[in-house]
Ligand code: SAM
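Residue numbers (my numbering): 49 to 259.
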C-alpha cells in the first residue's frame, strides 16, 4: 500500500508539475484506502474520484493536490472546509493548522469521517453537520476556506467570512461542471482567479443548489 501511495503521489506531482515537497510528503502519508469501502481498496491509489455512499465521492487525488497547493495553507492558519465527505481532504488540511473547521450536510458521512479521523489521531478538527453553503459564522473569520462541492455562485456570506488577506477556493458554475475559482480578499475588495475546469458534486443548500 505504501509503495502504491508513493507511486500515485509521484505521478500526480509529475503530471501537475508541482514543486510543493511538504504537500507531497503529507499526501504520501495519508492512507487513502482507509477512507473508502474495503471493496474499493484496490482502486484507492488510482488518480480517480470514487463513491463514498449517499451519492457522494472522495475527491480525485490530483484535485486535492491542486486545491491544497493553490490554497497555500500556512502553519497556524484558521481553515474552514465545506464538504467533509470521506474526510480525506480534511486529513491533509489538518496537517497545516491547529484549528480546522469542517462542515458536512450528510450526517452519516460526517459521523464516519469523524470516527476515522479520530482513530488516525487527528484531534484538531471541529466538525459540524449542516448547511455549509452559509459558512460557519460563529468561528469566522477564516484565513482559508475550501469548498469541495460545486456552487452556482460565489456566496457573499462565504466571502465575508474571510480575513483580510484570506483566500477561498470554490468550484463555481453549473450543476455538472464548474470552474475552480480562487478568491482573494484584499480589504473590502475580492479578486477572483479562474484556475480551470473541474467537476464536483453539487453544493446543496441555501447559498447552493436546491436538492
Ligand atoms: N473532500 C471530500 C473528500 O475528500 O472525501 C470530498 C467531498 S465530496 C466531493 C462533496 C461533499 O460536500 C459531499 O460529502 C457532500 O455531501 C458535501 N456537501 C454538499 N453540499 C453541502 C453543504 N451545503 N454543506 C456541507 N457539505 C455539503
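Even glycine gets a Cβ: it sits at the ideal position worked out from N, Cα and C.
Which residue from the options puts its Cα closest to that of residue i?
i: residue 108; options: 128, 120, 199, 83; result: 83
i: residue 189; options: 178, 206, 201; result: 206
i: residue 195; options: 127, 123, 66; result: 127
i: residue 104; options: 179, 250, 55; result: 250
i: residue 130; options: 157, 122, 92, 58; result: 157
i: residue 257; options: 52, 222, 122; result: 222
i: residue 92; options: 236, 54, 200; result: 54
i: residue 191; options: 171, 185, 212, 172; result: 212
i: residue 122; options: 160, 57, 86, 143; result: 143
i: residue 66; options: 89, 88, 110; result: 110
i: residue 9; options: 80, 153, 61; result: Since the first residue shown for the chain is 49 and the last is 259, residue 9 is missing from the structure and cannot be characterised.
Under DSSP, the beta strand (DSSP E) around residue i begins and ends at which residues?
i: residue 231; result: 226 to 234
i: residue 151; result: 147 to 152
i: residue 249; result: First-last for residue 249: undefined, no H or E at that position.
i: residue 215; result: 210 to 221
i: residue 123; result: Element bounds for residue 123: n/a, residue is neither H nor E.
i: residue 105; result: 104 to 106
Our contact map puts residue i next to residue j with C-beta atoms below 8 angstroms; I'd like the distance itself, whole angstroms only.
i: residue 138; j: residue 148; result: 7 angstroms
i: residue 164; j: residue 253; result: Their Cβ separation, rounded to whole angstroms, is 24 angstroms, which puts residue 164 and residue 253 out of contact at 8 angstroms.
i: residue 198; j: residue 248; result: 4 angstroms
i: residue 100; j: residue 134; result: 5 angstroms
i: residue 151; j: residue 178; result: 6 angstroms
Does DSSP put residue i in a helix, a strand or coil?
i: residue 239; result: strand
i: residue 195; result: strand
i: residue 184; result: coil
i: residue 171; result: coil
i: residue 155; result: helix
i: residue 137; result: helix
i: residue 205; result: helix
i: residue 177; result: strand
i: residue 129; result: strand
i: residue 244; result: strand
Between which two residues does the alpha helix (DSSP H) holding residue i run?
i: residue 96; result: Here residue 96 belongs to no alpha helix (DSSP H), and DSSP marks it neither H nor E.
i: residue 74; result: 69 to 77
i: residue 54; result: 50 to 64
Three CB pairs or more closer than 8 angstroms across the segment 221 to 230 and the segment 240 to 250: Yes, the segment 221 to 230 is in contact with the segment 240 to 250.
Would you call the segment 108 to 119 in contact with the segment 205 to 220, where contact means no fewer than 3 C-beta pairs closer than 8 angstroms? The answer is yes - the segment 205 to 220 touches the segment 108 to 119, with three or more Cβ pairs under 8 angstroms.
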